[in-house]
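Single-structure report; data block below.
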Amino acid sequence: MSGTPAPVLRMGNASGFYGDRFDALREMLTGGPLDVLTGDYLAELTMLILGRSRLKDPQKGYATTFLRQLEEGLGLAHERGVKLVANAGGLNPAGLADAVRQLADKVGVPVTVAHVEGDSLPVPDGFLTANAYLGGSGIAACLRAGADVVVTGRVTDAALVTGPAAAHFGWGPDDLDALAGAVVAGHVLECGTQATGGNHAFFGEHDPARLRRPGFPLAEIHADGSSVITKHDGTGGVVDLSTVTAQLLYETGGARYAGPDVTARLDTVRLTPDGPDRVRIDGVRGEAPPPTLKAGLTRLGGWRNEVVFVLTGLDIEAKADLVKAQFADALERGGARPPAEVRWELARTDHADADTEERASALLRLVVRDQDADAVGRTVSGAAIELALGSYPGFHVTAPPGKGAPYGVFEARLVPAAEVEHLAVLPDGTREVMKPPAHTQELAEVEEPPLPDPYPSGPTRRAPLGLIAGARSGDKGGDANVGVWVRDDDAWRWLAHELSVERFKELLPETADLTVVRHVLPNLRALNFTVHGLLGEGVAAQARFDPQAKALGEWLRSRWLPIPVALLEGIDAPEVTA
Numbered sequence: 003m004s005g006t007p008a009p010v011l012r013m014g015n016a017s018g019f020y021g022d023r024f025d026a027l028r029e030m031l032t033g034g035p036l037d038v039l040t041g042d043y044l045a046e047l048t049m050l051i052l053g054r055s056r057l058k059d060p061q062k063g064y065a066t067t068f069l070r071q072l073e074e075g076l077g078l079a080h081e082r083g084v085k086l087v088a089n090a091g092g093l094n095p096a097g098l099a100d101a102v103r104q105l106a107d108k109v110g111v112p113v114t115v116a117h118v119e120g121d122s123l124p125v126p127d128g129f130l131t132a133n134a135y136l137g138g139s140g141i142a143a144c145l146r147a148g149a150d151v152v153v154t155g156r157v158t159d160a161a162l163v164t165g166p167a168a169a170h171f172g173w174g175p176d177d178l179d180a181l182a183g184a185v186v187a188g189h190v191l192e193c194g195t196q197a198t199g200g201n202h203a204f205f206g207e208h209d210p211a212r213l214r215r216p217g218f219p220l221a222e223i224h225a226d227g228s229s230v231i232t233k234h235d236g237t238g239g240v241v242d243l244s245t246v247t248a249q250l251l252y253e254t255g256g257a258r259y260a261g262p263d264v265t266a267r268l269d270t271v272r273l274t275p276d277g278p279d280r281v282r283i284d285g286v287r288g289e290a291p292p293p294t295l296k297a298g299l300t301r302l303g304g305w306r307n308e309v310v311f312v313l314t315g316l317d318i319e320a321k322a323d324l325v326k327a328q329f330a331d332a333l334e335r336g337g338a339r340p341p342a343e344v345r346w347e348l349a350r351t352d353h354a355d356a357d358t359e360e361r362a363s364a365l366l367r368l369v370v371r372d373q374d375a376d377a378v379g380r381t382v383s384g385a386a387i388e389l390a391l392g393s394y395p396g397f398h399v400t401a402p403p404g405k406g407a408p409y410g411v412f413e414a415r416l417v418p419a420a421e422v423e424h425l426a427v428l429p430d431g432t433r434e435v436m437k438p439p440a441h442t443q444e445l446a447e448v449e450e451p452p453l454p455d456p457y458p459s460g461p462t463r464r465a466p467l468g469l470i471a472g473a474r475s476g477d478k479g480g481d482a483n484v485g486v487w488v489r490d491d492d493a494w495r496w497l498a499h500e501l502s503v504e505r506f507k508e509l510l511p512e513t514a515d516l517t518v519v520r521h522v523l524p525n526l527r528a529l530n531f532t533v534h535g536l537l538g539e540g541v542a543a544q545a546r547f548d549p550q551a552k553a554l555g556e557w558l559r560s561r562w563l564p565i566p567v568a569l570l571e572g573i574d575a576p577e578v579t580a
């Protein structure tokens, strides 16, 4: 990455999470031309998993999958001149870098390896891990020093793209618009096949054969930070305005998307088609980053257990009431105090006059949590087992009750960027300190943009929102994010006025008593909702049926409301049945 840079930097992604498709790294290296291949292995939950792994073996704490992928991939990348950049270092980037060097010697591939560290923070009492989210400057320094492989600990997902792009084009910390464009491209790439048709609201509009095995995405990045999102020719999946919009909205919030390198203005993003399976991103404006970094802390929160009772046939509600009462009585008679949290949820998956037993059955889910392992373990499992021959007719459970398991908690905090030592450990062992940005800007909400003119009044029809609107949802700690978008201006005129916070809460009653914030993004014809506190203590705590809120958007799309008949023209809308 020296001399006159090529006008386009082709950057691919081969992992969206720890456990993603193993063959993706090889597929991306052999599927077409690339300059840099990135891999995102770290989610909030992953840091807790790696923390527990490190307790068992202090030499671990990194994503071992990446190392196994390199057994073949290291040689392929070297042959093709592709740089590899991954955050698989987790809690031990130095350890992973050493392991990559040992692997390179073993397989006879002459590569230089560097790593980024400094994200590890002092761990407060009671916590397992504490890590700041670093930016891309350390990655850039490693690549400028000639590294072929760069592994990091906790960096922002977009840093995997901003770092190589800054190294390639020579961007400095004041090239805010270019950096912001790379942040947006990085956010689209970070979750792998979610940008190429995976988990997409309008999947039914495409040939199922194309979606069977979506290819991983890549971005063609230009010197001004603009990019084209695409994929290797001949791979599965779809890249269009809708798939890119969906990923842009995923786990973001308002117009200002803050990071350690730059604050990207999502309200300036412009998407345009650029040919088959190609979407251009340009117009992105950047602002100085905030003076603080996000830090993620994980700890063990307590113990949980779960029992799922199967209720079949008639009298489902009465059967559920019976087993709840019996369970409470069994705990009381056993002399044990009930768990601190006891949660029952009846899912009416049963159908009348069903043609299979499974379709005739409902599920009654019991979840218990407590700080004391015994309170959720044998006490609970024993009470459930005792009911086997003396409860509702047809009694059975989906699995034998267990002894309970620990659950984790993720907490986000802000730390001054100047207090975090961001280090690039170069291939020759030199330790280069990355200076924090000289110019920062406190994060503030933008003034809400004007809404479009309301859609003309006229006849409406009750139908699911999802007939005209897409959605994608996810988690950020204990909060849930739901992005909703439409694909033409008329639908946007209706959605912008119809889907208020009040209507959102009405459609999703679980959110009625929570704080919901709506953000308007006219360029994307989108609304982004943040639901504070829906997920309790976060995904690792598993306090909710859908602990990461992955399907919250699909629930929203399934809700019925009056939609203008004109917007439903040409859509196969179901008739109201109730």
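Heads up: the sequence shown begins at 3 in the numbering used here, then just goes up one per residue.
For every residue, glycine included, the Cβ atom is placed at its ideal position computed from N, Cα and C.
- Within 10 angstroms of the beta-carbon of Leu36 lie 16 or more other beta-carbons, which makes it buried.
- DSSP places Trp557 in the helix class (H, G or I) of the three-state scheme.
- According to the DSSP assignment, Ser363 belongs to the beta strand (DSSP E) that extends over 363–372.
- Going by beta carbons, Ile318 and Ala364 fall inside the 8 Å limit.
- Taking a 10 Å sphere around the C-beta of Leu52, we find 16 or more other C-beta atoms and assign the residue as buried.
- Counted as a single uninterrupted DSSP element, the stretch harbouring Trp173 is not any beta strand (DSSP E), since DSSP gives it neither H nor E.
- Going by DSSP, Glu46 is part of no beta strand (DSSP E) but of the alpha helix (DSSP H) stretching over 46–58.
- Residues of the same chain with a CB within less than 6 Å of the CB of Ala493, apart from the 5 flanking positions on each side, are Ile470, Leu569 in chain order.
- Closest in alpha carbon position to Thr517, among Leu523, Val533, Asn525, is Val533.
- Note that the C-beta distance between Phe68 and Ala45 is not below 8 Å.
- For Asp226, the secondary structure class from DSSP, reduced to helix, strand or coil, is coil.
- Contact annotation: Gly476 and Gln550 have beta-carbon atoms nearer than 8 Å.
- Rounded to the nearest whole angstrom, the CA to CA distance from Arg520 to Ala101 is 46 Å.
- Residue environment analysis places His441 among the exposed positions, since fewer than 16 neighbouring C-beta atoms fall within 10 angstroms of its C-beta.
- The three-state secondary structure of Lys552, taken from DSSP, is coil.
- Here the alpha carbons of Met436 and Ala297 stand approximately 18 Å from one another.
- Its Cα nearest to that of His234, the residue Glu29 stands out among Asp548, Glu29, Thr6, Tyr252.
- Here Arg561 has Pro466, Leu467, Leu509, Leu510 as same chain residues with Cβ atoms under 8 Å from its own Cβ, once five neighbours each way along the sequence are excluded.
- For Ser55, the CB contacts under 8 Å within the same chain, skipping 5 residues up- and downstream, are Lys62, Gly63 in chain order.
- Under the three-state reduction of DSSP output, Thr351 falls in the coil class, being neither helix nor strand.
- Here DSSP, grouped into helix, strand and coil, assigns Phe205 to helix.
- By alpha-carbon distance to Asp226, the top candidate from Ala168, Gln443, Ala377, Gly538 is Ala168.
- Phe506 sits in a helix when the DSSP states are folded into three classes.
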